[in-house]
Amino acid sequence: MPELPEVDVVRAGLAPAVTGATVTAVTVFDERSLKRHAGPSEDFVARLSGATFDEPRRRGKFLWIPIREHQAETTDPEAPASEARASESPASEALVIHLGMSGQVLLRDPDAPLDRLTRIGIAINSPVFGRVRVDFVDQRIFGSMAIDDLVQTPDVPDESVPSQVGHIARDPLDPYFSDTAFFAKLARRNTGIKRALLDQTLISGIGNIYADEALWASRIHYDQPTSTLSRPRAKTLLAEVRLVLGKALAEGGTSFDAQYLNVNGESGYFSHSLNAYGQQGQPCPRCGRPIVREQFMNRGSHFCAYCQKVRRAASAS
DNA sequence: CCGGACTCCTGGTTGC
DNA sequence: TGCAACCAGGAGTCCG
2 MPELPEVDVV
12 RAGLAPAVTG
22 ATVTAVTVFD
32 ERSLKRHAGP
42 SEDFVARLSG
52 ATFDEPRRRG
62 KFLWIPIREH
72 QAETTDPEAP
82 ASEARASESP
92 ASEALVIHLG
102 MSGQVLLRDP
112 DAPLDRLTRI
122 GIAINSPVFG
132 RVRVDFVDQR
142 IFGSMAIDDL
152 VQTPDVPDES
162 VPSQVGHIAR
172 DPLDPYFSDT
182 AFFAKLARRN
192 TGIKRALLDQ
202 TLISGIGNIY
212 ADEALWASRI
222 HYDQPTSTLS
232 RPRAKTLLAE
242 VRLVLGKALA
252 EGGTSFDAQY
262 LNVNGESGYF
272 SHSLNAYGQQ
282 GQPCPRCGRP
292 IVREQFMNRG
302 SHFCAYCQKV
312 RRAASAS
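In this text, residue positions in the first sequence follow the numbering used here: the first is 2, and each later residue adds one.
See below:
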């Protein structure tokens, strides 16, 4: 399941191909992949056709490509075409991409056969790559594409995000992420730490895999109450989160397959380096006792029952 | 505010 | 061999 590193590999892989590219054709093969688009597929196609893309952006697991300008007929017949043509006007809309559980974005030769699970195909004319196809492939259809309005963020000038991303917190690799604000929110919360790590409105980009990995590295039990985490332990956890995300990012970047122009949402896993996730029954790399798997939050939690125990708050009796 | 249940969804795997 | 049941969970919603 793509988390921040995988999504960022996709962003980085898309950037050289789509930046400055113009959309020449859009095909929606499965409307269910437009579940985050507020409108019918015809509207999606109309708003995307003729669009010119800006550099792709990311927050947490959300990815979007700002639309620099639009050369298709405006949907509002009253609007004078010349007014919307101001060359330096900031993008007001974006193509929003969420990979969900199984989404992939593939850059393909225009004549390449369609993957069986392609849900949306976008043909573009790229200044660098020429004519290519941007295929959205998604087996389980938890992912989606959408055209959404960009809205100014409240805390950083000249920064905007799609309206549907507005509630998503900054991710720990975002330069404007506030560590102290994060610690303060953790202390105020009355919930378990893994729940908090997976709460995209508190800290974004972390999914089940990297939550388990960061908790293992920090020797923290998934259900440790956030309010009982000491500041040093919370700092350690955040540092381990950044470490595990950064490491995956580095490995994902290197596994990028340039020959296929294949921007693959699942290519970034550093499966060789997993210490806890999916390692049930395997010895804990630290103490040798078996990693266990428990059902938690409707998903698997992998941890070392010896290294990672719920600790009482220091003030408790 | 919190947590649990439920929804979306299907290909690959497992089990009979 | 064949088919059904099961499994993976990101994110949103609803309810108690």
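Even for Gly, the Cβ is constructed at its ideal location relative to N, Cα and C. Because the structure is a prediction, the values reported are computed rather than measured.
Option in the options with minimal Cα separation from residue i
{"i": "residue 47", "options": "96, 216, 152", "result": "96"}
{"i": "residue 100", "options": "35, 132, 299, 130", "result": "35"}
{"i": "residue 239", "options": "297, 226, 287, 172", "result": "172"}
{"i": "residue 209", "options": "304, 237, 182, 29", "result": "304"}
{"i": "residue 229", "options": "249, 206, 186", "result": "186"}
{"i": "residue 118", "options": "289, 20, 107", "result": "107"}
{"i": "residue 190", "options": "6, 225, 243", "result": "225"}
{"i": "residue 28", "options": "233, 291, 103, 43", "result": "43"}
{"i": "residue 10", "options": "277, 286, 121, 57", "result": "57"}
{"i": "residue 51", "options": "124, 8, 130", "result": "124"}
Where residue i falls, given that 16 or more other Cβ within 10 Å makes a residue buried
{"i": "residue 179", "result": "exposed"}
{"i": "residue 165", "result": "buried"}
{"i": "residue 400", "result": "There is simply no residue 400 to check, as the chain begins at 2 and stops at 318 in what is shown."}
{"i": "residue 231", "result": "exposed"}
{"i": "residue 155", "result": "exposed"}
{"i": "residue 24", "result": "buried"}
{"i": "residue 258", "result": "For residue 258, the predicted model reports a pLDDT of 35, less than 50, meaning its position is unreliable and no value from the coordinates is stated."}
{"i": "residue 274", "result": "exposed"}
{"i": "residue 150", "result": "exposed"}
Residues that residue i bridges to, as DSSP identifies them
{"i": "residue 97", "result": "65, 147"}
{"i": "residue 284", "result": "291"}
{"i": "residue 126", "result": "23, 132"}
{"i": "residue 305", "result": "292"}
{"i": "residue 137", "result": "106, 121"}
Residue i - DSSP class collapsed to helix/strand/coil
{"i": "residue 160", "result": "coil"}
{"i": "residue 290", "result": "coil"}
{"i": "residue 167", "result": "coil"}
{"i": "residue 19", "result": "helix"}
{"i": "residue 121", "result": "strand"}
{"i": "residue 209", "result": "helix"}
{"i": "residue 220", "result": "coil"}
Worksheet item: Between the region 130 to 137 and the region 106 to 116, do three or more beta carbon pairs fall short of 8 Å?
Response: yes
Discussion item. For the pair the region 195 to 208 and the region 57 to 70, tell me if three or more CB-CB distances fall below 8 Å.
Written reply: yes
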